[in-house]
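Following: one structure in structure tokens, then a few remarks.
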Amino acid sequence: MAIDQRKVAEVLQKPVPRNIKEMQSFLGFTSYYRNHIKHFAHITSSLYKLCSKYVVFEITKERRDAYERIKHELTNEPVLIFPDFELPFKLYIDAAFSQGLGAALHQRQIVDGEPREGVICYISRQLKDSEARYAATQTECLCLFSPSE
Numbered sequence: 062m063a064i065d066q067r068k069v070a071e072v073l074q075k076p077v078p079r080n081i082k083e084m085q086s087f088l089g090f091t092s093y094y095r096n097h098i099k100h101f102a103h104i105t106s107s108l109y110k111l112c113s114k115y116v117v118f119e120i121t122k123e124r125r126d127a128y129e130r131i132k133h134e135l136t137n138e139p140v141l142i143f144p145d146f147e148l149p150f151k152l153y154i155d156a157a158f159s160q161g162l163g164a165a166l167h168q169r170q171i172v173d174g175e176p177r178e179g180v181i182c183y184i185s186r187q188l189k190d191s192e193a194r195y196a197a198t199q200t201e202c203l204c205l206f207s208p209s210e
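Position one of the sequence shown corresponds to residue 62 (the numbering used here), numbered consecutively onward.
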């Protein structure tokens, strides 16, 4: 499964968003492909903060880098594989303290006669304010159960 590059080309042509409405449009489009992008929530966290009415809309170097990285990831994504429900799955989790949760669902399949592990999907989300105060072990446990929600 790959990202439709015809749809992505339109977004790649656009300049850096200049206001909240343009940023929301960009994030809405890229969120559609979040399962194709590793650490999507972490990469876009500074961009989502711009969408709050309590924050001055300012494109800093960190935010410009995040914007460019997402555009890069949309064009250079790994190809996802279709799951084979007869084979076991592997779930890799990563809880970045105070930043977000991430997981990748993998599966080892035989491709061209060779065993190969591929990614079925990526899952990520930002931590809620209350979750950001969890201890490291609690955050790891939260990460383990969040992908199943």
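No residue lacks a Cβ here, since even glycine has one placed at the ideal position from N, Cα and C.
Next on the checklist: Given this structure, state the Cα-to-Cα distance separating F116 from L108, to the nearest angstrom.
Outcome noted: For the sequence presented, residue 116 should be read as Val rather than Phe. Note on geometry: alpha-carbon atoms of V116 and L108 lie some 11 Å from one another.
Checklist entry - So, do the region 184–203 and the region 157–172 have three or more beta carbon pairs nearer to each other than 8 Å? => result yes
Checklist entry - For K189, which of helix, strand or coil comes out of DSSP? => result coil
Next on the checklist: If you follow the beta strand (DSSP E) that G163 is in, where does it begin and where does it stop?
Outcome noted: G161 to V172
Item to check | Proximity below 8 Å, CB of Q187 to CB of S113 | outcome: No, these two residues do not count as a Cβ contact at 8 Å.
Checklist entry - With a CB to CB cut of under 6 Å and the five nearest residues on each side skipped, what residues in its chain are close to E134? => result I98
Item to check | Contact check, L162 vs F150, beta carbons under 8 Å | outcome: no
Checklist entry - DSSP state of C112, grouped into three classes? => result Here DSSP, grouped into helix, strand and coil, assigns C112 to coil.
Item to check | Sequence-distant residues of the same chain with beta carbon closer than 7 Å to R125, five excluded per side | outcome: For R125, where only same-chain residues beyond five positions count, the Cβ hits under 7 Å are V77.
Checklist entry - Alpha carbon to alpha carbon, how far is K102 from Q74? => result Rather than Lys, the amino acid found at residue 102 in this sequence is Ala. Going from the Cα of A102 to the Cα of Q74 covers about 23 Å.
Item to check | DSSP state of L141 mapped onto helix, strand, coil | outcome: coil
Checklist entry - Hey, how far is the Cα of I142 from the Cα of G89? => result 24 Å
Next on the checklist: Please report the straight-line C-alpha distance between H100 and R130, rounded to a whole angstrom.
Outcome noted: 11 Å
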